[in-house]
Amino acid sequence: MKALVVFGTRPEAIKMCPLVLTLKSDPAIDVRVCVTGQHREMLDQVLAIFDIEPDFDLNIMKPGQTLEGITTAVTEKIGSVIDQVEPDIVLVHGDTTTSMAAALGSFYRKVPVGHVEAGLRTYDRYSPFPEEMNRKLISALATYHFAPTQTNFDALAAEGVTEHVYITGNTVIDAFQYTTHDGYRFTNADLARHDFSKPTVLMTAHRRENLGRPLENICDAVLELCDAHPDTSFVYPVHLNPAVRETVFGKLEGHPQITLTDPVDVEDMHNAMSRSVMVMTDSGGLQEEAPHLGKPVVVLRTETERPEAVAAGTAVVAGVGKQQVFDTAHRILSDRETYEAMANAVNPYGDGHASERIRDILKESFS
Ligand code: UD1
Ligand code: UDP
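Start counting the sequence shown at 1; every next residue gets the next number (full-length UniProt numbering).
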């Protein structure tokens with residue numbers, strides 16, 4: 001069988017590279033990789049870590065790019081890649097605009113789409129934006145649906161998506177076998193210098209719906225947390241979106257307890273997380289990774305499509321008000337019992353073998 005794997009942003013790459021390597025290790029599968037380049041530097045960082053050289057690079061990223069721009073560029077360019085490769089299946093991931101447009105382009109060529117990380121929902125079409133609508137559209141376009149959890153499977157069933165739906169776990173957990181090892185040394189100079197023997201909170205925030213006031217509130221809450229916890233430091237690798245950087249550097253740069261750094265590679269990220277006490281984030285991927293490492297997560301959003309971690313007791317949805325964020329994080333950092341309960345909860349996102357399950361399902365379907 002011939003599979004064309006398409007991705008374009010950092011999180012898709014981190015979650016698809018383990019699958020690419022698993023598929024490539026099987027001589028019965030011909031795998032081609034097409035990156036859209038919706039992200040450039042942040043995507044290339046991941047490709048380097050997994051040592052994957054794409055067969056096609058659509059190289060579409062523009063500064064300040066729009067959703068329409070990404071959608072049209074990918075939809076237009078993916079068709080000729082599909083014409084050249086003639087795949088049996090196109091594999092896309094999650095909820096980015098790259099994935100939605102690649103799924104649409106594949107549908108236009110009547111090539112079946114396999115959707116990795118299917119069935120996540122917040123049931124609010126504008127939050128996260130545009131991801132909630134992207135993943136619903138991909139569910140409509142796809143033929144094969146690889147749902148990480150039972151909750152995701154049930155969400156698809158409730159929408160009438162019942163054929164070729166499989167529970168596989170999340171491939172993000174597979175990624176850890178490539179990134180973490182004992183005695184790891186950081187490549188990022190700020191991380192290499194950082195004293196992880198003192199309590200460290202690892203944080204990220206980048207979502208479109210958090211730009212502006214919510215992100216300012218989050219930064220203000222972090223400043224108050226610094227005052228309330230003078231022994232605790234915050235490490236924040238800041239997304240390359242200029243709209244994120246302007247707010248974050250404007251509010252937090254120069255604070256002695258806060259390290260702002262450029263995006264770090266995923267090996268550095270996973271190892272920094274494993275040495276931190278807590279994670280604060282609006283990222284989807286971090287909400288799955290932190291429970292795997294036994295780190296409590298403060299979700300910097302008003303909702304989540306990952307309720308499993310909340311139900312398991314390892315994540316709390318704090319909202320994006322300054323006081324809410326402060327109160328939630330402060331409680332976890334101050335109350336030993338709350339902390340231990342969250343840190344010892346069980347990771348609901350899989351056992352690190354999701355890629356193998358997807359490979360086996362594909363082989364059975366196409367043999
Ligand atoms: C995208 C995804 C989002 C995902 C996020 C992961 C969409 C609509 N959004 O959002 O679902 O959570 O990626 O990070 O698909 N930039 C660079 N270099 C990079 C990456 C980004 O300079 O390597 C800058 C560019 O100016 C770009 C801007 O960031 O225009 C925004 O990138 P974009 O992919 O449009 O949005 P994200 O917020 O990254
Ligand atoms: N990540 C990384 N370096 C960073 C920040 C995040 O490698 O500086 C990883 C993180 O571990 C996770 C993924 O990027 O695997 C999350 O990506 P992002 O937050 O950009 O997107 P989301 O998950 O919200 O879609």
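No residue lacks a Cβ here, since even glycine has one placed at the ideal position from N, Cα and C. No experiment lies behind these values; they were computed from the predicted model shown.
Legend entry - Three-state secondary structure (DSSP) of residue 1: coil
Legend entry - Beta-carbon proximity list for residue 211, same chain, < 6 Å, skipping 5 on both sides: Closer than 6 Å at Cβ, skipping near neighbours: 243.
Legend entry - Any non-hydrogen atom of the ligand UD1 closer than 7 Å to residue 138 Cβ: Residue 138 Cβ: outside cutoff for every heavy atom of the ligand UD1.
Legend entry - residue 105 burial status per 10 Å Cβ neighbour count (16 or more: buried): buried
Legend entry - One or two residues paired with residue 373 in a DSSP bridge: One cannot answer for residue 373 here, as it falls past the ends of the chain, which runs 1 to 367.
Legend entry - Run of the alpha helix (DSSP H) containing residue 196, from where it starts to where it stops: Note, residue 196: premise wrong, no alpha helix (DSSP H); not H, not E.
Inset, instruction - Would you decide whether residue 197 is buried or exposed? Buried here means 16 or more other CB atoms lie within 10 Å of its CB. - result: exposed
Inset, instruction - Please confirm whether residue 317 and residue 331 have their CB atoms less than 8 Å apart. - result: no
Legend entry - Sub-8 Å separation of residue 115 and residue 81 beta-carbons: Going by C-beta atoms, residue 115 is not nearer than 8 Å to residue 81.
Inset, instruction - For my contact list, residue 94 and residue 353 are in at a C-beta cut-off of 8 Å; report their separation, rounded to the angstrom. - result: Not really, about 19 Å apart at Cβ, beyond 8 Å.
Legend entry - Between the CA atoms of residue 101 and residue 54 - distance to the nearest angstrom: 18 Å
Inset, instruction - Could you tell me whether any non-hydrogen atom of the ligand UDP is closer than 7 Å to the CB of residue 265? - result: True, at least one ligand heavy atom lies under 7 Å from that Cβ.
Legend entry - Of the residues 59, 14 and 27, the one placed nearest residue 36, counting alpha carbons only: Taking only the C-alpha atoms, the option nearest residue 36 is 59.
Inset, instruction - Would you check whether the ligand UDP has a heavy atom nearer than 7 Å to the C-beta of residue 303? - result: no
Inset, instruction - Can you have a look at residue 72 and say buried or exposed, based on whether 16 or more other CB atoms are within 10 angstroms of its CB? - result: exposed
Inset, instruction - Just grab the DSSP bridge partners of residue 167 for me. - result: 147
Inset, instruction - Would you be able to state if there are at least three C-beta pairs under 8 Å between the region 156-173 and the region 187-197? - result: Result no; under three Cβ-Cβ pairs closer than 8 Å.
Inset, instruction - Say whether the region 134-154 touches the region 227-244, bearing in mind that this needs 3 or more beta-carbon pairs closer than 8 Å, one atom from each stretch. - result: no
Legend entry - Backbone CA spacing between residue 334 and residue 119 [nearest angstrom]: Approximately 36 Å, taken between the alpha carbons.
Legend entry - Pairwise C-alpha distance: residue 113 and residue 103: About 6 Å.
Inset, instruction - Taking only heavy atoms of the ligand MN into account, decide whether any of them is closer than 7 Å to the Cβ of residue 11. - result: In terms of ligand content, the structure shown lacks the ligand MN and carries the ligand UD1 and the ligand UDP instead.
Inset, instruction - Please report the residue range of the alpha helix (DSSP H) in which residue 341 lies. - result: 336-343
Legend entry - Backbone secondary structure at residue 203 - three-state DSSP: strand
Inset, instruction - Take residue 321 as the anchor and find which of 304, 264, 313 and 217 has the nearest alpha-carbon. - result: 217
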